[in-house]
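**Q**
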Amino acid sequence: MPLWTLRGLRRGVVTTRYPARPDPSARLLPSPPAFRPDVLTPGLADRLVAVCPSRALARDADVLVFDVGACTACGRCRAEAPQAVGDSGEFELAATARAHLIKRIPLAGRPA
Ligand code: SF4
Numbered sequence: 063m064p065l066w067t068l069r070g071l072r073r074g075v076v077t078t079r080y081p082a083r084p085d086p087s088a089r090l091l092p093s094p095p096a097f098r099p100d101v102l103t104p105g106l107a108d109r110l111v112a113v114c115p116s117r118a119l120a121r122d123a124d125v126l127v128f129d130v131g132a133c134t135a136c137g138r139c140r141a142e143a144p145q146a147v148g149d150s151g152e153f154e155l156a157a158t159a160r161a162h163l164i165k166r167i168p169l170a171g172r173p174a
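If you read the sequence shown in the working numbering, its first letter stands for residue 63, the second for the next number, and so on.
Below, the structure written as structure tokens:
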């Protein structure tokens, strides 16, 4: 149980100071992946696309297209290729336009 929950129960305050201050418990939340273009190859990108259950990933020639708005932060792509996919730690994903949530990641890795 996060510390702020216990403090809130004791003081009667049930909210945190977020967003004025980052909440420490946010570090424990799952967040969308961060990709390493230098390691991504077309073959590896195809494997990541295949394991993504929400279709947040697609390959467009030498680019991995990542729809952050469709990502559920399930972690399957990280489990598939931990050498190429890390945790972004970013969960504040508000955008003014849907297109801002689409990322195009170049596949700069060399096939093994
Ligand atoms: S974390 Fe899950 S939903 Fe998001 S891109 Fe990876 S496999 Fe897809």
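No residue lacks a Cβ here, since even glycine has one placed at the ideal position from N, Cα and C.
Find the nearest neighbour of E142 within the set L90, A112 and P94, judged by alpha-carbon distance.
**A** Of the candidates L90, A112 and P94, the one whose C-alpha sits nearest the C-alpha of E142 is A112.
**Q** Alpha carbon to alpha carbon, what distance is there between G171 and D100?
**A** One C-alpha to the other measures close to 5 angstroms.
**Q** Are A118 and C133 close, meaning C-beta to C-beta below 7 angstroms?
**A** Closer than 7 angstroms, so yes.
**Q** Cβ-heavy atom distance between R138 and the ligand SF4 below 6 angstroms?
**A** Yes, since a heavy atom of the ligand SF4 falls inside the 6 angstroms radius drawn around the Cβ of R138.
**Q** Using a 10 Å radius around the Cβ and a threshold of 16 neighbouring Cβ atoms, would you call P168 buried or exposed?
**A** With fewer than 16 Cβ atoms within 10 Å of its Cβ, P168 is classed as exposed.
**Q** Checking 7 angstroms against the spacing of the C-beta atoms, do A159 and L102 come in under that value?
**A** Against a cut-off of 7 angstroms, the Cβ pair of L102 and A159 comes out as no contact.
**Q** Do V130 and R166 have their C-beta atoms closer together than 7 angstroms?
**A** Result no, Cβ atoms of V130 and R166 do not sit closer than 7 angstroms.
**Q** For S150, is the beta carbon positioned less than 6 angstroms from some heavy atom of the ligand SF4?
**A** Not under cutoff, so the answer is no.
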